[in-house]
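Scroll down for the structure; my scribbles are underneath it.
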DNA sequence: TCGACGATGACCT
DNA sequence: GGTCATCGTCGAA
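Numbering (the numbering used here), first residue to last: 48 to 244.
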């Protein structure tokens, strides 16, 4: 089974459920015919206006966050620490500003190109572990911000693969008050290609 | 305009 | 465990 996820999949209203369900799906990028991709092994859910960890908390609307308020099924890419591009998928209907952060993948397609992008000799478990590394390995930059994740350069594919999913708290959101404790991080227990901590 | 800082990662001891 | 690179964004002035 090899099924391209359509926009309907991302328009559903439970971002936590979507984040969990994306574990084991395949994320694929294609630039100038060059394909790279792999199984999603780690995600986090960010639940719009009510979530203190979310950039759209309390409806915050800026030049950067405006893309979050679009209807689900598009990418939200932003620069963190001036160095790392973090890749999110917007979910839910327009104006909800929910998002799923992709934190790690297990490479399957275009491994040589990913090695080149990461300046690595051979494949290691951290080749695409951690959100900054995912974007670097897949060649994702701010150019992909607001772009569809159901066509052209960005696609998510359901291959029928199942995963043993572990739930934990989100990473790097110390500013989020009590919401740091929400169990909104998911990862595949059986994969080595996840970020640590 | 200006200054502070971040949903990180690599390299150091 | 600690340091630091590096710059766009945002809120204050």
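Backbone N, C-alpha and C fix where the C-beta goes; we use that ideal spot for every residue, glycine too.
Cβ neighbours of residue i in the same chain (closer than 7 Å, five flanking residues each side left out)
| i | result |
| --- | --- |
| residue 207 | 48 |
| residue 224 | 99 |
| residue 5 | Residue 5 cannot be examined here, being either before or after the span of the chain that is shown, 48 to 244. |
| residue 96 | 103, 104, 105, 106 and 144 |
Rounded straight-line distance, which links the Cα of residue j to that of residue i
| i | j | result |
| --- | --- | --- |
| residue 129 | residue 188 | 12 Å |
| residue 139 | residue 199 | 21 Å |
| residue 131 | residue 166 | 15 Å |
| residue 185 | residue 125 | 15 Å |
| residue 235 | residue 77 | 25 Å |
| residue 145 | residue 154 | 26 Å |
| residue 133 | residue 74 | 14 Å |
| residue 216 | residue 226 | 9 Å |
| residue 168 | residue 159 | 9 Å |
| residue 195 | residue 90 | 19 Å |
| residue 205 | residue 68 | 10 Å |
| residue 64 | residue 164 | 32 Å |
| residue 190 | residue 212 | 31 Å |
| residue 142 | residue 222 | 24 Å |
| residue 80 | residue 161 | 14 Å |
C-beta contact flag for residue i and residue j at 8 Å
| i | j | result |
| --- | --- | --- |
| residue 94 | residue 233 | no |
| residue 87 | residue 149 | yes |
| residue 209 | residue 84 | no |
| residue 193 | residue 147 | no |
| residue 51 | residue 202 | yes |
| residue 197 | residue 53 | yes |
| residue 151 | residue 177 | yes |
Own chain partners of residue i with C-beta closer than 6 Å, once the 5 adjacent residues on each side are dropped
| i | result |
| --- | --- |
| residue 82 | 156 and 157 |
| residue 182 | 132 and 134 |
| residue 286 | As displayed, the chain neither begins before 48 nor continues past 244, which places residue 286 out of reach and without an answer. |
| residue 5 | With the chain running from 48 to 244 in the structure shown, residue 5 is simply not present. |
DSSP beta-bridge partners of residue i
| i | result |
| --- | --- |
| residue 145 | 94 and 138 |
| residue 132 | 126 |
| residue 77 | 82 |
| residue 233 | 90 and 214 |
| residue 121 | 195 |
| residue 154 | 85 |
| residue 176 | 151 |
| residue 68 | The partner list for residue 68 (beta bridge, DSSP) is empty, contrary to what the question assumes. |
| residue 205 | 50 |
Legend entry - At least three beta-carbon pairs within less than 8 Å, the segment 225-243 to the segment 165-176: yes
Legend entry - Segment contact flag, the segment 110-121 with the segment 50-66, C-beta cutoff 8 Å, min 3 pairs: yes
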